[in-house]
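Everything below concerns the one structure shown next.
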Amino acid sequence: MKFIFNLIALTFIVVAVNVFDFAKSEFSSEEEIKKERDIINEADAPTDGAILGSIIAPNAQVVIKGSNGEEKIIGMADSNGEFFINGFDAGIYDIIIKALSKDDVKTYTFEDVEIRTGEVTALGTVTLE
Numbered sequence: 039m040k041f042i043f044n045l046i047a048l049t050f051i052v053v054a055v056n057v058f059d060f061a062k063s064e065f066s067s068e069e070e071i072k073k074e075r076d077i078i079n080e081a082d083a084p085t086d087g088a089i090l091g092s093i094i095a096p097n098a099q100v101v102i103k104g105s106n107g108e109e110k111i112i113g114m115a116d117s118n119g120e121f122f123i124n125g126f127d128a129g130i131y132d133i134i135i136k137a138l139s140k141d142d143v144k145t146y147t148f149e150d151v152e153i154r155t156g157e158v159t160a161l162g163t164v165t166l167e
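Here it is in structure tokens:
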């Protein structure tokens, strides 16, 4: 039993030394460690903004379009009238909501909506009846 315990302890020490040696060989200075950490943090950083909201428009298909003059992002509300659309670059957008029913098209526009990278802009609930 003592032999098994010593073998486990020795294995733990060998693994710990190998991990430490790997870390030392990969990063030769504090500056390299900081650079690696910055690269990892940049990879996790958000790259777009998003909008969300809900639409009350019975018996209608709802299309949402965001435009800043250069790009257009288009999405749809789900069957409950809720939407979440991402992919927006930071900037000022006009958000146009259209409810398309068999007999009619109703439109609502949010003008000059500021969308920020890494944030979700809540537009609230719009009623188009």
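Every letter in the sequence shown is one number past the one before it in our numbering, and letter 32, counting from 1, is 70.
Glycine residues also receive a C-beta, built at the ideal position from the N, C-alpha and C atoms.
Quick caveat, the model's predicted, so the values are computed rather than measured.
**Asked** By Cβ distance below 7 Å, which residues in the same chain neighbour Gly129 in space, the five residues on each side in sequence not counted?
**Response** Asn106 and Ile153
For Lys136, does the three-state DSSP call read helix, strand or coil? strand
- Query: Rounded to the nearest angstrom, how far is the Cβ of Ala137 from that of Leu166, given a contact under 8 Å?
  - Reply: 4 Å
**Message:** Taking the alpha-carbon of Lys144 as reference, which of Pro84, Ile93, Ile111 and Thr85 has the nearest alpha-carbon?
**Reply:** Ile93
**OP:** Measuring alpha carbon to alpha carbon, tell me which of Asp127, Gly113 and Ile134 ends up nearest Pro84.
**Re:** Asp127
- Message: Assuming Ile95 and Gly119 are in contact, meaning their beta carbons sit under 8 Å apart, how far apart are those beta carbons, in whole angstroms?
- Response: Correcting the residue identity first, residue 95 is Ala in this sequence and not Ile. 7 Å between Cβ atoms; contact.
Since Gly87 contacts Thr147 with CB under 8 Å, what's their CB separation in whole angstroms? Going by Cβ atoms, the distance from Gly87 to Thr147 rounds to 19 Å, so no, they are not a contact pair.
Query raised in the report: Excluding sequence positions up to five away, which residues of its chain have a Cβ less than 6 Å from the Cβ of Asn124?
Result: Asp86 and Ala88
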